[in-house]
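This report refers to the structure that appears directly beneath it.
There are 2 protein chains.
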Amino acid sequence: MKNRLKVLRAERNWTQNDLAQALEVSRQTVNAIETGKFDPSLPLAFKAARLFQLPIEDIFSDQED
Amino acid sequence: MKNRLKVLRAERNWTQNDLAQALEVSRQTVNAIETGKFDPSLPLAFKAARLFQLPIEDIFSDQED
DNA sequence: AATTTATGTCAAGCACATTTGACATAAAGT
DNA sequence: ACTTTATGTCAAATGTGCTTGACATAAATT
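Which chain is which? The protein sequence lines are A and B, in order. Start counting the first sequence at 1; every next residue gets the next number (the numbering used here). Start counting the second sequence at 101; every next residue gets the next number (the numbering used here).
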């Protein structure tokens, strides 16, 4: 599962910690998702989609990286 | 998390078992998701989206039912 | 040069997604 | 009436999402 979180953060000049707080998860969770350690749950993906006002498919993509 | 799996199945006259095989998960998993026992993983949501050729948001919605 | 900030990573633990195998029930088919 | 099919549900096991706390390192700040 690839994702554009790092880019979306960079566009907003947000740290992993900023994003973690916005998503109400831990910094380690954001880091683990960004670095491909695991996939977010569907509810967390929805939360990110709402936050960035993008479809889930525009943030996450189903292919390996 | 609400979802339209039951309707999408019905439109195609598919059983839970049919859907489970198409998604490569167990029948119990499909049943549990349909009956709201738990949310699918993000990869499984992507698989359903691909199967039905719909955006994830058109199959699952982030509100409780 | 010393301190703070951002990122990456590890380990232990809890919660939840998914499995298999089983059983119950209602509806449909024979 | 009997059998099969579809659905719902349970229990135990396994894997993964997510937590906190901790430590390391590199970059930025002072």
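The beta-carbon is built from N, C-alpha and C at its ideal position, and this holds for glycine as well.
query, result
"How would you label phenylalanine 60/A, buried or exposed, when you count the other beta carbons within 10 angstroms and need 16 or more for buried?", "buried"
"Please tell me whether phenylalanine 152/B has its Cβ less than 9 Å away from any Cβ of chain A.", "no"
"On a Cα-Cα basis, can you pick out the residue from Asp162/B, Arg150/B and Ala132/B that is closest to lysine 106/B?", "Ala132/B"
"Rounded to the nearest angstrom, what separates arginine 27/A and glutamate 34/A at their Cα positions?", "11 Å"
"Anything in the region 35-59 of chain A with a Cβ closer than 7 Å to a Cβ of chain B? List those residues in chain order, please.", "Asp39, Pro40, Ser41, Leu42, Pro43, Ala45, Phe46, Pro55, Ile56 and Glu57"
"Are any of the Cβ atoms in chain B nearer than 9 Å to that of aspartate 62/A?", "yes"
"Contact check, aspartate 62/A vs methionine 1/A under 8 Å by CB: the rounded distance?", "7 Å"
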